[in-house]
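K.L.:
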Amino acid sequence: MFEPIARKSASGEVYDQIAARVLGGDLAAGAALPSERNLAEAFGVSRPAVREAISRLSHAGLVEVRQGEATSVRDFRTQAGPELLPRLLVRAGRPDWDVVRSVLEARRLIGRQVARLAAARATDETEPRLRDAVARLATGEDPVALQVAALEFWERVVDAADSLAFRLIFNSLRNAYEPAMTAMAGVLVAEVGRTDLYERLAGAIVAHDEDGAERAAGELLDLGTSALTTAIDHAEHADARSRA
């Protein structure tokens with residue numbers, strides 16, 4: 577019935593706090609971080625915990641570590657990868673609507689190209705996997721369950737495209753979106769409820785119709801993009817009124 581409560585490690589807390597300040601602009605690109613010893617004292621943690629956090633920050637493209645020099649903040653816009661998107665979507669408890677829009681743009685453009693590549697590289701295993709995913713969409717009723725089924729469908733499309741780069745990009749976009757899945761459930765029904773378009777896209781991929789697959793993917797993703805953009809516009813106006 578119950579599960580153990582996961583506790584964050586000290587290094588994880590250090591990582592989260594520094595990352596939040598870098599992404600929020602409190603620590604500007606080029607700024608030097610305090611020494612490892614000073615950070616350990618400020619956070620009340622051990623130096624190994626700070627060292628581990630700094631290593632993670634470096635791998636994420638948020639800081640630069642140079643031997644014998646102070647660790648400095650990097651410009652994440654030019655150095656970091658898409659794995660930061662989940663952190664950028666919501667900052668200080670509020671969605672960053674510009675980031676949300678950029679994710680929608682990437683989703684639409686990348687989805688079309690992935691579909692095209694899937695049509696070019698589809699194998700005998702592709703058809704049953706796509707048909708099974710479409711069947712799950714056809715039998716789903718709950719808006720959240722439909723989104724889960726839609727993500728599964730796109731995962732099958734990405735598998736058919738057989739591109740590691742697109743797979744990693746898809747993973748990042750999915751990880752950025754999943755925390756908002758419940759909130760977006762009602763809005764995305766316009767897209768995930770269109771089983772006919774998923775069927776058309778699956779058919780084009782299986783038939784190796786690259787142009788048809790790209791068109792079907794674009795039509796499908798445009799529905800969600802339009803619905804989400806309208807919802808974002810309303811949310812922005814509401815935010816503006818609340819701050820006025």
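At position 175 of the sequence shown the residue is numbered 751 (this note's numbering), and the sequence of numbers has no breaks. By construction, the Cβ of each residue, glycine as well, lies at the ideal position given by its N, Cα and C atoms. None of these values were measured; they are calculated from a predicted model.
1) With a threshold of 16 other CB atoms inside 10 Å of the CB of Glu701, please say whether the residue is buried or exposed.
2) Going by the DSSP bridge assignment, what does Pro671 pair with across the sheet?
3) Within a Cβ cutoff of 6 Å, which residues of the same chain sit near Arg776, ignoring the five residues on either side of it in sequence?
4) Using CA atoms only, rank isn't needed, just tell me which of Ala721, Ser748, Leu804 and Ser622 is closest to Ser587.
5) Would you decide whether Arg688 is buried or exposed? Buried here means 16 or more other CB atoms lie within 10 Å of its CB.
6) Runs of 4 residues minimum, wholly inside the region 600-630: which ones carry the alpha helix (DSSP H) assignment?
7) Taking DSSP as the reference, what is the three-state secondary structure of Val720?
8) Mapping DSSP to helix, strand and coil, what is Val763?
9) How is Val690 classed by DSSP in three states: helix, strand or coil?
10) Quick one: what does DSSP say Ile581 is sitting in, helix, strand or coil?
P.N.:
The answer reads as follows:
1) Taking the first residue of the sequence shown as position 1, residue 701 is located at position 125. Answer is exposed; the Cβ neighbour count stays below 16.
2) In the sequence shown, counting from the first residue as 1, residue 671 sits at position 95. DSSP, once it has assigned bridges, lists Val666 as partnering Pro671.
3) Stepping through the sequence shown from its first residue, residue 776 is reached at position 200. If we look at Arg776 and ignore the five residues flanking it on each side, its Cβ neighbours are Ala792.
4) As a position in the sequence shown, residue 587 is number 11, starting the count at 1. Among Ala721, Ser748, Leu804 and Ser622, the Cα nearest to that of Ser587 belongs to Ser622.
5) In the sequence shown, counting from the first residue as 1, residue 688 sits at position 112. So Arg688 counts as buried.
6) 612-619
7) Within the sequence shown, the letter at position 144 stands for residue 720. Val720: helix per DSSP, three-state reduction.
8) Counting from 1 along the sequence shown, the entry for residue 763 is found at position 187. Looking at Val763 - three-state DSSP - the assignment turns out to be coil, as it is neither helix nor strand.
9) Within the sequence shown, residue 690 is the residue found at index 114, counting from 1. Helix, per DSSP.
10) On the sequence shown, position 5 is the one that residue 581 refers to. Confidence in Ile581 is poor, its pLDDT being 43 and thus under 50, which makes the residue's placement unreliable; the coordinate value appears in the next sentence. In this structure, Ile581 counts as coil in the three-state DSSP scheme.
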